[in-house]
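Below is one structure, written out as C-alpha coordinates, with a few remarks after it.
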Amino acid sequence: RLGAATETIAHMAVTDELTGLLNRRGLTERGQTFVDEALASGDHVIVAFIDVNNLKGINDFHGHFVGDSHLSGIGESFRWVLDDGGLAARVGGDEFALVARGGPDEVSQFRSRVELLRARVPHFGVAIGWAQCGPDDARTLRTLFGEADEMMLRHKRRLI
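Structure below.
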(Lines of atoms letter the chains of each structure in order from A; the text may use other names.)
(Lines give C-alpha, C1' and ligand atoms only; values in the text may rest on other atoms or scores of the structure.)
Protein backbone atom coordinates (compact mmCIF):
# COMPACT_ATOMS: atom_id res chain seq x y z
CA ARG A 792 0.00 0.00 0.00
CA LEU A 793 2.86 2.34 0.73
CA GLY A 794 4.16 1.91 -2.82
CA ALA A 795 0.75 2.73 -4.28
CA ALA A 796 0.40 5.78 -2.04
CA THR A 797 3.86 7.00 -3.03
CA GLU A 798 3.00 6.56 -6.70
CA THR A 799 -0.25 8.48 -6.25
CA ILE A 800 1.53 11.33 -4.50
CA ALA A 801 4.22 11.44 -7.21
CA HIS A 802 1.50 11.62 -9.90
CA MET A 803 -0.33 14.39 -8.04
CA ALA A 804 2.87 16.40 -7.75
CA VAL A 805 3.29 16.69 -11.54
CA THR A 806 -0.33 16.71 -12.74
CA ASP A 807 -2.82 19.56 -12.97
CA GLU A 808 -5.90 18.38 -11.11
CA LEU A 809 -8.40 20.21 -13.29
CA THR A 810 -7.19 19.28 -16.78
CA GLY A 811 -5.23 16.09 -16.15
CA LEU A 812 -2.33 17.62 -18.08
CA LEU A 813 1.13 18.05 -16.63
CA ASN A 814 1.56 21.02 -14.34
CA ARG A 815 4.55 23.39 -14.52
CA ARG A 816 6.63 21.09 -12.28
CA GLY A 817 5.80 18.05 -14.41
CA LEU A 818 6.72 19.86 -17.60
CA THR A 819 9.98 21.06 -16.08
CA GLU A 820 10.87 17.57 -14.88
CA ARG A 821 10.03 15.76 -18.11
CA GLY A 822 10.47 18.44 -20.73
CA GLN A 823 14.23 18.79 -21.05
CA THR A 824 14.67 15.02 -21.27
CA PHE A 825 12.00 14.98 -24.01
CA VAL A 826 13.88 17.70 -25.93
CA ASP A 827 17.29 16.09 -25.45
CA GLU A 828 16.04 12.70 -26.68
CA ALA A 829 14.32 14.28 -29.69
CA LEU A 830 17.38 16.22 -30.77
CA ALA A 831 19.71 13.26 -30.17
CA SER A 832 17.56 11.15 -32.51
CA GLY A 833 17.64 13.83 -35.23
CA ASP A 834 14.12 15.15 -34.66
CA HIS A 835 13.00 18.75 -34.54
CA VAL A 836 11.26 20.16 -31.46
CA ILE A 837 8.43 22.67 -31.55
CA VAL A 838 6.89 24.49 -28.61
CA ALA A 839 3.53 26.24 -28.55
CA PHE A 840 2.82 28.60 -25.68
CA ILE A 841 -0.91 29.30 -25.55
CA ASP A 842 -2.86 31.88 -23.60
CA VAL A 843 -6.63 31.48 -23.47
CA ASN A 844 -8.32 34.88 -23.47
CA ASN A 845 -11.70 35.80 -22.00
CA LEU A 846 -11.61 33.14 -19.28
CA LYS A 847 -11.91 35.77 -16.56
CA GLY A 848 -15.06 37.08 -18.23
CA ILE A 849 -16.55 33.57 -18.28
CA ASN A 850 -15.70 33.09 -14.60
CA ASP A 851 -17.11 36.50 -13.67
CA PHE A 852 -20.31 36.12 -15.70
CA HIS A 853 -21.07 32.39 -15.41
CA GLY A 854 -19.07 31.32 -12.37
CA HIS A 855 -15.89 29.35 -11.81
CA PHE A 856 -17.60 25.98 -12.28
CA VAL A 857 -18.36 26.90 -15.90
CA GLY A 858 -14.85 28.33 -16.37
CA ASP A 859 -13.34 25.14 -14.95
CA SER A 860 -15.46 23.10 -17.34
CA HIS A 861 -14.10 25.11 -20.26
CA LEU A 862 -10.52 24.62 -19.05
CA SER A 863 -11.11 20.90 -18.78
CA GLY A 864 -12.43 20.85 -22.36
CA ILE A 865 -9.42 22.80 -23.58
CA GLY A 866 -7.19 20.20 -21.90
CA GLU A 867 -9.00 17.50 -23.90
CA SER A 868 -8.39 19.49 -27.08
CA PHE A 869 -4.67 19.53 -26.35
CA ARG A 870 -4.66 15.76 -26.05
CA TRP A 871 -6.17 15.65 -29.55
CA VAL A 872 -3.49 18.05 -30.84
CA LEU A 873 -0.67 15.93 -29.48
CA ASP A 874 -2.15 12.68 -30.73
CA ASP A 875 -0.36 10.77 -27.92
CA GLY A 876 3.07 12.06 -28.92
CA GLY A 877 4.34 15.01 -26.95
CA LEU A 878 3.87 16.91 -23.74
CA ALA A 879 1.02 19.19 -22.71
CA ALA A 880 0.92 21.24 -19.54
CA ARG A 881 -1.18 23.85 -17.84
CA VAL A 882 1.53 26.24 -16.71
CA GLY A 883 -0.70 28.99 -15.32
CA GLY A 884 -4.36 29.77 -14.75
CA ASP A 885 -5.17 30.10 -18.46
CA GLU A 886 -1.75 29.41 -19.97
CA PHE A 887 -0.69 26.17 -21.56
CA ALA A 888 2.44 24.78 -23.17
CA LEU A 889 2.68 22.03 -25.77
CA VAL A 890 5.91 20.36 -26.84
CA ALA A 891 6.13 18.04 -29.83
CA ARG A 892 8.87 16.39 -31.84
CA GLY A 893 9.31 14.92 -35.28
CA GLY A 894 10.56 15.56 -38.74
CA PRO A 895 9.60 18.69 -40.68
CA ASP A 896 6.30 17.15 -41.85
CA GLU A 897 5.25 16.09 -38.35
CA VAL A 898 6.17 19.50 -36.94
CA SER A 899 4.10 21.18 -39.66
CA GLN A 900 1.13 18.90 -38.94
CA PHE A 901 1.40 19.65 -35.22
CA ARG A 902 1.41 23.37 -35.92
CA SER A 903 -1.68 23.00 -38.12
CA ARG A 904 -3.54 21.08 -35.40
CA VAL A 905 -2.72 23.77 -32.84
CA GLU A 906 -3.98 26.45 -35.22
CA LEU A 907 -7.24 24.49 -35.54
CA LEU A 908 -7.79 25.11 -31.83
CA ARG A 909 -8.95 28.59 -32.76
CA ALA A 910 -11.96 27.02 -34.46
CA ARG A 911 -12.52 24.56 -31.60
CA VAL A 912 -12.68 27.27 -28.93
CA PRO A 913 -14.28 30.21 -30.79
CA HIS A 914 -15.77 31.86 -27.67
CA PHE A 915 -12.25 32.36 -26.35
CA GLY A 916 -9.47 34.21 -28.05
CA VAL A 917 -6.35 32.09 -28.20
CA ALA A 918 -2.96 33.80 -28.42
CA ILE A 919 -0.23 31.40 -29.56
CA GLY A 920 3.52 31.78 -29.58
CA TRP A 921 5.93 29.41 -31.31
CA ALA A 922 9.52 28.34 -30.97
CA GLN A 923 11.31 25.60 -32.84
CA CYS A 924 14.73 24.04 -33.11
CA GLY A 925 16.41 21.11 -34.78
CA PRO A 926 19.44 18.97 -34.14
CA ASP A 927 21.69 21.54 -35.81
CA ASP A 928 20.45 24.47 -33.71
CA ALA A 929 19.70 22.74 -30.43
CA ARG A 930 18.35 24.90 -27.61
CA THR A 931 17.21 24.22 -24.09
CA LEU A 932 13.56 23.87 -23.23
CA ARG A 933 13.83 27.00 -21.10
CA THR A 934 15.08 28.99 -24.12
CA LEU A 935 12.32 27.60 -26.35
CA PHE A 936 9.68 28.53 -23.76
CA GLY A 937 11.09 32.03 -23.48
CA GLU A 938 10.96 32.51 -27.26
CA ALA A 939 7.44 31.08 -27.53
CA ASP A 940 6.22 33.18 -24.61
CA GLU A 941 7.60 36.38 -26.18
CA MET A 942 5.88 35.59 -29.46
CA MET A 943 2.60 34.80 -27.65
CA LEU A 944 2.74 38.13 -25.83
CA ARG A 945 3.24 39.99 -29.13
CA HIS A 946 0.27 38.10 -30.59
CA LYS A 947 -1.86 38.84 -27.54
CA ARG A 948 -1.09 42.58 -27.71
CA ARG A 949 -2.34 42.61 -31.31
CA LEU A 950 -5.61 40.96 -30.19
CA ILE A 951 -6.31 43.47 -27.43
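Each residue of the sequence shown is one higher than the one before, counting from 792 in the working numbering. The C-beta atom is built at its ideal place from N, Cα and C for all residues, glycine as well.
DSSP state of residue i mapped onto helix, strand, coil
i, result
"Thr824", "helix"
"Ala839", "strand"
"Gly864", "helix"
"Leu813", "strand"
Pair within 9 Å by beta-carbon distance, residue i and residue j
i, j, result
"Ala839", "Val905", "yes"
"Gly877", "Phe825", "yes"
"Ile813", "Arg881", "Residue 813 is actually Leu in this sequence, not Ile. Yes. Within cutoff."
For residue j and residue i, believed in contact at Cβ under 8 Å, the rounded distance
i, j, result
"Ala918", "Asn844", "6 Å"
"Ile837", "Phe901", "6 Å"
"Ala891", "Val898", "7 Å"
"His946", "Gly920", "6 Å"
Straight-line Cα distance separating residue j from residue i
i, j, result
"Ala804", "Arg949", "36 Å"
"Asp859", "Leu809", "7 Å"
"Thr806", "Val872", "18 Å"
"Ser903", "Arg792", "45 Å"
"Gly833", "His855", "44 Å"
Residue i beta carbon near the ligand FAD (any heavy atom closer than 8 Å)
i, result
"Arg881", "Among the ligands in the structure shown, none appear at all, so the ligand FAD cannot be discussed."
Ignoring anything shorter than 3 residues, give me the beta strand (DSSP E) runs that lie fully in the segment 848-933, in order along the chain.
Taking only runs of at least 3 residues, the beta strand (DSSP E) segments lying wholly in the segment 848-933 are 878-881, 886-893, 917-924.
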